[in-house]
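2 protein chains.
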Amino acid sequence: MLFSPAITRLVEAFRRLPGIGPKTALRLAFFVLSMENEAVEEMSHALVEARRRVKHCSRCRNLTEQELCSICRDSRRDNTLLCIVQEPRDILVIEKTAQFKGQYFVLHGALSPVEDIGPDELKIPALLELLQKGEVKEVIIATNPNVEGDATAYYIAGAARPLGIRITRIGFGLPVGGDLEYADELTMSRALEGRREI
Amino acid sequence: MLFSPAITRLVEAFRRLPGIGPKTALRLAFFVLSMENEAVEEMSHALVEARRRVKHCSRCRNLTEQELCSICRDSRRDNTLLCIVQEPRDILVIEKTAQFKGQYFVLHGALSPVEDIGPDELKIPALLELLQKGEVKEVIIATNPNVEGDATAYYIAGAARPLGIRITRIGFGLPVGGDLEYADELTMSRALEGRREI
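Going down the list, the protein sequences come from chains A and B. Note that the first sequence ends on residue 232 in this note's numbering; no numbers are left out. Note that the second sequence ends on residue 232 in this note's numbering; no numbers are left out.
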């Protein structure tokens, strides 16, 4: 073996991260070995502390260090509008538009029989309980436009429909700034379905 | 602020790594928050342990947890051949060829007046001391083919020449499998300079 056990373990640790292949893991490991001791300790501490402190918001399952996340604590947010997303990072994407002033619910995944992820794993019963309280007037489903995201959207829509809440899903079509020429057929067919009067 | 302090600190820790931009740092941080506690602690431990245990080989400055690295300890390696590289990862690239059976010397950088890196920072005095012992018959300089790597190669060649050792530099030219059409003019000009009888 060319490298010592401690280096090998560090490379393996980096390889566990998504999108980090063997070459990148090696590059990151070598970089860490060239860092100041204190910087490495800080990074090591940041990992454990984040994992220990951060939990799911008891209302919307966004990441937070408190009982409720910063969005659920914010009284200026419209609690009649609830946007359902797969991952906490999706909230960032929507918040960047500065267009949505409602609240969120994070599924932390999508329905996937293959991976054994059902409604309970996504805490859909807790979502329905929240909807039954009667505050929410519209649910905007923002799951991903793929098989799992679609299945999850339909499942939630079906389960929430009896509650008499308006249920919508974000629009699909051509990305703004995109070129018709490069659109794949699925995107194009969704764009046609989603056409509007001008 | 949308995210809690512990998440922000974790994102910042990842951002310090090379090639990790804000989006990737966020993705990695979210991934860590979804990992098992033990896996995060293992990763945190791997960082600190690698930084603490790994040091430079006292002979060649390769990374090792012992006094001498695995290559310097290996009696089957040819100690009359010494390959000089900028970084420990360069050793991997050369070892993969299974063609070089000599030993190495790692500079951990290249001469750079801008960054205030001179011969002392690269431990070139220690390299010359090693060469003066008389074991080494040929020095192969494998610094990068760029301004800093070239300057470093010329500096070492100049300093080692009085010792009567053969000094070579790895060949430059077209990458194997490459296409002449896409070669930049510098590579092409080096390829012409490095032409050989066939």
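Note that CB positions come from ideal geometry on N, CA and C, so glycine has one too.
message = I'd like to check one pair, Glu169 (chain A) with Thr221 (chain A): are the Cβ atoms closer than 8 Å?
response = no
inquiry  = Strictly below 8 Å CB to CB, what residues from chain B border Leu60 (chain A)?
reply    = Arg123, Leu126
Nonlocal neighbours in the same chain, by C-beta distance under 6 Å from Asn118 (chain A), ignoring five residues either side = According to the sequence provided, residue 118 (chain A) is Ile. The question's Asn does not apply to it. Contacts found: Phe139, Ile175.
key: Minimum Cβ-Cβ distance from Asn71 (chain B) to chain A less than 8 Å   = yes
Under 8 Å between C-beta atoms of Leu44 (chain B) and Leu81 (chain A) = yes
request  = Could you round the C-beta distance between Ile233 (chain B) and Glu172 (chain B) to whole angstroms and report it? I think they count as a contact, below 8 Å.
outcome  = No statement about residue 233 (chain B) is possible, as the shown extent of chain B runs from 35 to 232 and does not include it.
The region 75-89 of chain B touching the region 100-110 of chain A, judged by at least three CB pairs closer than 8 Å = no
request  = Let me know the secondary structure DSSP gives Phe64 (chain B) once reduced to three states.
outcome  = helix
task = Leaving out five residues on either side along the sequence, give the residues of the same chain with a beta carbon under 8 Å from the beta carbon of Arg111 (chain B).
result = Ile105, Lys135, Gly136, Gln137
Cβ shell of Pro52 (chain A) (< 7 Å), same chain only, five flanking positions each side left out = none
task = Would you mind working out which of B:Ser109, B:Cys94, B:Ala194, B:Ile41 sits nearest Ile125 (chain B), comparing C-alpha positions?
result = B:Cys94
query = Along chain A, in chain order, which residues have C-beta atoms closer than 9 Å to that of Met222 (chain B)?
reply = Near Met222 (chain B) there are no residues of chain A at all, since even the closest Cβ is about 27 Å away, more than 9 Å.
Cut-off 8 Å between Cβ atoms - residues of its own chain near Leu145 (chain A), not counting five sequence neighbours on either side = Ile151, Gly152, Pro153, Leu156, Glu182, Ala185, Thr186, Tyr189
query = Is it right to say Pro147 (chain B) is buried, meaning 16 or more other beta carbons lie within 10 angstroms of its own, or is it exposed?
reply = exposed
inquiry  = At the level of alpha carbons, what is the spacing between Pro56 (chain A) and Gln100 (chain A)?
reply    = 37 Å
query = Among B:Thr98, B:Gly192, B:Lys167, B:Asn71, which one has its Cα closest to the Cα of Glu83 (chain B)?
reply = B:Thr98
inquiry  = With a threshold of 8 Å between beta-carbons, can Val74 (chain A) be considered close to chain B, or not?
reply    = yes
request  = Please report how far the alpha carbon of Ile158 (chain B) lies from the alpha carbon of Ala193 (chain B), in whole angstroms.
outcome  = 9 Å
Coarse secondary structure for Val170 (chain A), derived from DSSP in three states = coil
ask   = First and last residue of the beta strand (DSSP E) that includes Cys106 (chain B)?
value = Note, Cys106 (chain B): premise wrong, no beta strand (DSSP E); alpha helix (DSSP H) at 104-107.
key: CB-CB length for Arg49 (chain A) against Ala59 (chain A), believed under 8 Å   = 4 Å
task = Go ahead and pull the three-state DSSP assignment for Arg200 (chain A).
result = strand
Nearest-angstrom beta carbon gap, Arg224 (chain B) and Gly207 (chain B) [assumed within contact, 8 Å] = 6 Å
For Leu67 (chain B) and Val88 (chain A), believed in contact at Cβ under 8 Å, the rounded distance = 5 Å
Rounded C-alpha distance that separates Gly205 (chain A) from Thr177 (chain A) = 11 Å
query = Within 8 Å (strictly less), CB to CB, does His97 (chain B) reach chain A?
reply = Looking at the sequence itself, residue 97 (chain B) is Leu, so the reference to His does not match. By this cut-off, Leu97 (chain B) is an interface position.
query = How would you write the range of the alpha helix (DSSP H) that Asn180 (chain B) sits in, first residue to last?
reply = Run containing Asn180 (chain B): none; DSSP gives neither H nor E here.
Reduced DSSP category for Asp184 (chain A) - H, G, I as helix; E, B as strand; rest coil = helix
ask   = Should Phe64 (chain A) and Arg123 (chain B) be called a contact, given that it needs their Cβ atoms to be closer than 8 Å?
value = yes
inquiry  = For a contact defined as C-beta to C-beta under 9 Å, what are the partners of Leu102 (chain B) on chain A?
reply    = Chain A residues near Leu102 (chain B): none, gap ~12 Å exceeds 9 Å.
task = List the DSSP bridge partners of His90 (chain A).
result = A:Leu97
request  = Spell out the partners DSSP gives Tyr138 (chain B) in its beta bridges.
outcome  = B:Cys117
key: Beta-bridge pairing of Ile151 (chain A) - partner residues as DSSP gives them   = A:Ser146
Alpha-carbon spacing of Gly228 (chain B) relative to Glu70 (chain A), whole angstroms = 41 Å
task = Compute the minimum distance between the beta carbon of Leu115 (chain A) and the heavy atoms of the ligand NAD, and state whether it is under 7 Å.
result = Judged by which ligands are present, the structure shown has none, so any question about the ligand NAD falls away.
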